[in-house]
Amino acid sequence: MTYSKRLRTSRSMPLMPSAVNNQSSDDSDIELCSQESPLSSISGGDSPIRRRAAADAAARYSYRASIQKEPRKVKRTFMCVISLFASCWAIFMCFILWQFHIGNVAPTVDPIAFSLEERRFIPLPPRVTIPLPLPPNKISVLLINYSRPRMVRDSSLMRTLLAHPNVDEVLLLHANPKTAFEFVHPKVVNIDATRQNDEIGLSLRFYFCQLAKHDWILHVDDDMQFPTSTLNELLIEYSRNPKRIVGRFGRDLKLGNSFNGYSSSNSHKSTEVILTKLMAMEKSTCSAFFDYSHLIWDDVVLTSGEGPLWNGEDIFMSLVANHVYGQGDSNNFAMDWLDVWQASDSLKDYDNGKLDISGGMKGYRLWDWQWWQSVLRRNRHYSYRGQLWQTAKQRLFELGDRQ
3 MTYSKRLRTS
13 RSMPLMPSAV
23 NNQSSDDSDI
33 ELCSQESPLS
43 SISGGDSPIR
53 RRAAADAAAR
63 YSYRASIQKE
73 PRKVKRTFMC
83 VISLFASCWA
93 IFMCFILWQF
103 HIGNVAPTVD
113 PIAFSLEERR
123 FIPLPPRVTI
133 PLPLPPNKIS
143 VLLINYSRPR
153 MVRDSSLMRT
163 LLAHPNVDEV
173 LLLHANPKTA
183 FEFVHPKVVN
193 IDATRQNDEI
203 GLSLRFYFCQ
213 LAKHDWILHV
223 DDDMQFPTST
233 LNELLIEYSR
243 NPKRIVGRFG
253 RDLKLGNSFN
263 GYSSSNSHKS
273 TEVILTKLMA
283 MEKSTCSAFF
293 DYSHLIWDDV
303 VLTSGEGPLW
313 NGEDIFMSLV
323 ANHVYGQGDS
333 NNFAMDWLDV
343 WQASDSLKDY
353 DNGKLDISGG
363 MKGYRLWDWQ
373 WWQSVLRRNR
383 HYSYRGQLWQ
393 TAKQRLFELG
403 DRQ
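In structure tokens form, the structure reads like this:
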């Protein structure tokens, strides 16, 4: 074959064999590069023209292989980005659920979290009790009406209180002029507490406690409901030792959590703090609240306060009672087995718990931005209560050492 015919033959040969078009594996580029060029079958020895043609063919094979491999790289990169995003979202949701549950895990079902209708389906453990006579002491009840007047008017709370033989008076403190009303009953004393609410906030319950007729005081929130037997058992237990605070909801400080040690888990029997949701105490202890309130008034209540003024008044009252009675940090008594439940939300004139001090959050509604607001409001509320708790306890301890 002459030189010119060999050159024309090499130029007319295909640069890509048909077998290459069927390659789909990851090492297709290796096979393309290692495949023998069609020019190798041309006779004539290792001429410069043949070497150049072979080099051009190899370059085209490599370029075509890289073009085929590029979509796989893009797809692999896209899947990595999606996996990273999904992992970050899962970690974020785990953190949110942990924040929701921390400090709220209880070993048993708490009936307080359910309405009256829902409680009918919650089996309560059987309790064998021996009926005891009620103490002869009369009690004065303090109840604040601020944002839920229908709770006071329409729930069973007032009927239970007014029908009890030991309840001699109910001081109904109207702290908001927009919701004030006249509750007509011989045992009810309606008090305009608007000015006191503006000046001393939630501690007004302890201010008017000093004006009560009797030495035994029962503090109760307007959204609590309970049968007569619950109040009987509470008064009988309190009569055994009035030098303490007795109630349904107890709290203990748990250092190391995300809320400065505050936990919403109910404590059992001997405890450090009793909440004002339902608690019995002496009238003289109410005066002690204001004797020591200066310890945390400026830098904690006014500067760092979260929610209404004097939020955390129940924590400070319990710590002051422990200090006054001198019986140790866990002198108070929590009766977490008492049958107490929360009134229906239908008696509220608002939704999403926007006026509830503790956030008013219930269940999981991750798609609802108002639910997220409730979560954040509750977290700030808990953190502030933990700060107040630790500061007040330390300063009362230091005050006792100086005395």
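Each residue of the sequence shown is one higher than the last, beginning at 3 in my numbering.
Idealized CB from N, CA, C, for every residue including glycine.
message: For valine 169 and glycine 203, I'd like the C-alpha separation in whole angstroms.
response: Counted from its first residue, the sequence shown places residue 169 at position 167. Counted from its first residue, the sequence shown places residue 203 at position 201. Cα to Cα, the separation comes out at about 26 Å.
query: Is the number of C-beta pairs between the stretch 311-318 and the stretch 329-344 that are closer than 8 Å three or more?
result: no
task: Return the bridge partner residues of arginine 382 from the DSSP annotation.
output: The residue labelled residue 382 in the question sits at position 380 within the sequence shown. DSSP, once it has assigned bridges, lists no residue as partnering arginine 382.
Burial state of phenylalanine 228 (16 or more Cβ within 10 Å): To locate residue 228, count along the sequence shown from 1; it is residue 226. Counting Cβ neighbours within 10 Å, phenylalanine 228 comes out buried, since at least 16 surround it.
Beta-carbon contacts of serine 289 that lie in its chain and below 7 Å, excluding the five residues immediately before and after: Looking up residue 289 in the sequence shown gives position 287. Excluding positions up to five away in sequence, the list reads Gln212.
message: Here's a check: name, in chain order, each residue in its chain whose Cβ is nearer than 8 Å to the Cβ of histidine 216, leaving out the five neighbours to either side.
response: Numbered from its first residue, the sequence shown carries residue 216 at position 214. Hits under 8 Å: Asn139, Lys140, Ile141, Ser142, Asp170, Glu171 and Lys285.
message: Distance check for phenylalanine 87 and alanine 394, CA to CA, integer angstroms please.
response: Counted from its first residue, the sequence shown places residue 394 at position 392. Counted from its first residue, the sequence shown places residue 87 at position 85. In a straight line, the C-alpha of alanine 394 is about 45 Å away from that of phenylalanine 87.
query: serine 272 bridges to which residues according to DSSP?
result: Locating residue 272 in the sequence shown gives position 270, where the first residue counts as 1. According to DSSP, serine 272 bridges with Phe335.
message: Considering only the alpha carbon of each residue, which of Ala182, Gln329, Gln389 and Arg53 lies closest to glutamate 308?
response: Working through the sequence shown from its first residue, we reach residue 308 at position 306. The shortest Cα separation from glutamate 308 among Ala182, Gln329, Gln389 and Arg53 belongs to Gln389.
message: On a Cα-Cα basis, can you pick out the residue from Arg250, Pro167, Leu349 and Val303 that is closest to alanine 282?
response: Numbered from 1 along the sequence shown, position 280 holds the residue referred to as residue 282. If we check each option's Cα against that of alanine 282, Arg250 comes out closest.
message: Do lysine 180 and leucine 164 count as a contact pair if the criterion is CB distance below 8 Å?
response: In the sequence shown, residue 164 corresponds to position 162, counting from 1. In the sequence shown, residue 180 corresponds to position 178, counting from 1. Cβ atoms of leucine 164 and lysine 180: not closer than 8 Å.
- prompt: Which residues in the same chain have their Cβ closer than 7 Å to the Cβ of arginine 387, if we skip the five residues on either side of it in sequence?
  reply: Within the sequence shown, residue 387 is the residue found at index 385, counting from 1. Result list for arginine 387: Tyr264, Gly314 and Ile317, in chain order.
field: At least three beta-carbon pairs within less than 8 Å, the stretch 233-241 to the stretch 287-307
entry: no
field: Strand pairing of glycine 249, partner residues [DSSP]
entry: Counting from 1 along the sequence shown, the entry for residue 249 is found at position 247. In the DSSP output, where bridge partners are listed per residue, glycine 249 has Met281 and Ala336.
query: At which residue ranges does the stretch 135-221 contain complete beta strand (DSSP E) runs of 3 or more residues, listed in the order of the chain?
result: 141-147, 169-176 and 190-194
- prompt: With C-beta atoms as the reference, is arginine 150 less than 8 Å away from leucine 349?
  reply: Here residue 150 refers to the residue found at position 148 when the sequence shown is read from its first residue. Here residue 349 refers to the residue found at position 347 when the sequence shown is read from its first residue. Taking 8 Å as the Cβ cut-off, arginine 150 and leucine 349 qualify as a contacting pair.
- request: Kindly indicate which three-state DSSP category tryptophan 396 falls into: helix, strand or coil?
  value: For this step, residue 396 is matched to residue 394 along the sequence shown. In the sequence as displayed, the identity of residue 396 is glutamine instead of tryptophan. Glutamine 396 falls in the helix class under three-state DSSP.
query: Would you say histidine 221 and threonine 278 are within 8 Å of each other, going by their C-beta atoms?
result: The residue given as residue 221 occupies position 219 in the sequence shown. The residue given as residue 278 occupies position 276 in the sequence shown. Their beta carbons are under 8 Å apart, which means histidine 221 touches threonine 278 by this criterion.
- request: For arginine 122, collect the residues of the same chain with a Cβ closer than 8 Å to its Cβ; drop the 5 residues on either side in sequence, then sort them by chain order.
  value: As a first step, residue 122 is located in the sequence shown; it is residue number 120 there, counting from the start. Confidence is the limiting factor: at arginine 122 the pLDDT is only 49, short of 50, which leaves the residue's position unreliable, though a coordinate-based value still follows. So the list is empty, once near-sequence residues are dropped.
query: For the putative contact between arginine 406 and leucine 175, defined by C-beta atoms under 8 Å, what is the C-beta separation to the nearest angstrom?
result: No answer is possible for residue 406: the residues shown for the chain start at 3 and end at 405.
Residue nearest to glutamine 392 in terms of C-alpha spacing, selected from Cys96, Ser272, Ser158 and Leu257: Taking the sequence shown and counting its residues from 1, the one referred to as residue 392 is at position 390. The option with the nearest alpha carbon to glutamine 392 is Leu257.
- prompt: Measuring CB to CB, does serine 320 end up less than 8 Å from isoleucine 247?
  reply: Residue numbering aside, residue 320 sits at position 318 when the sequence shown is read from its first letter. Residue numbering aside, residue 247 sits at position 245 when the sequence shown is read from its first letter. Closer than 8 Å, so yes.
query: Taking the alpha-carbon positions, what's the serine 266 to glutamine 396 distance?
result: The residue labelled residue 266 in the question sits at position 264 within the sequence shown. The residue labelled residue 396 in the question sits at position 394 within the sequence shown. Straight-line Cα distance between these residues: approximately 21 Å.
message: Do isoleucine 276 and alanine 336 have their beta-carbon atoms positioned less than 8 Å apart in this structure?
response: Within the sequence shown, residue 336 is the residue found at index 334, counting from 1. Within the sequence shown, residue 276 is the residue found at index 274, counting from 1. In this structure, isoleucine 276 lies closer than 8 Å to alanine 336 by Cβ.
Continuous alpha helix (DSSP H) stretch holding leucine 321: start and end: Here residue 321 corresponds to residue number 319 of the sequence shown, with the count starting at 1. Run containing leucine 321: 315-327, per the alpha helix (DSSP H) assignment.
- request: May I ask you to list the residues that DSSP assigns as paired with glutamine 389?
  value: Looking up residue 389 in the sequence shown gives position 387. BP columns for glutamine 389 are empty, so no partner.
- prompt: What first and last residue would you give for the alpha helix (DSSP H) that runs through tyrosine 240?
  reply: In the sequence shown, the residue the question calls residue 240 occupies position 238. 230-241 is the span of the alpha helix (DSSP H), which, as asked, contains tyrosine 240.
message: I need the DSSP call for tryptophan 343, collapsed to helix, strand or coil.
response: Locating residue 343 in the sequence shown gives position 341, where the first residue counts as 1. Tryptophan 343 falls in the strand class under three-state DSSP.
message: In whole angstroms, give me the CA-to-CA distance for phenylalanine 183 and arginine 152.
response: Numbered from 1 along the sequence shown, position 181 holds the residue referred to as residue 183. Numbered from 1 along the sequence shown, position 150 holds the residue referred to as residue 152. Approximately 10 Å, taken between the alpha carbons.
- prompt: Rounded to a whole number of angstroms, what is the C-alpha to C-alpha distance between alanine 177 and isoleucine 93?
  reply: Counted from its first residue, the sequence shown places residue 177 at position 175. Counted from its first residue, the sequence shown places residue 93 at position 91. If you take the alpha carbons of alanine 177 and isoleucine 93, they lie about 44 Å apart.
task: Compare the beta carbon distance of leucine 297 and leucine 398 with 8 Å and say whether it is the shorter of the two.
output: Start at 1 with the first residue of the sequence shown, and residue 297 comes out as number 295. Start at 1 with the first residue of the sequence shown, and residue 398 comes out as number 396. Taking 8 Å as the Cβ cut-off, leucine 297 and leucine 398 qualify as a contacting pair.
- prompt: Of the choices Phe291, Arg155 and Arg380, whose alpha-carbon is the least far from that of asparagine 192?
  reply: As a working note, residue 192 is residue 190 in the sequence shown. When each option's Cα is compared against that of asparagine 192, the closest is Arg155.
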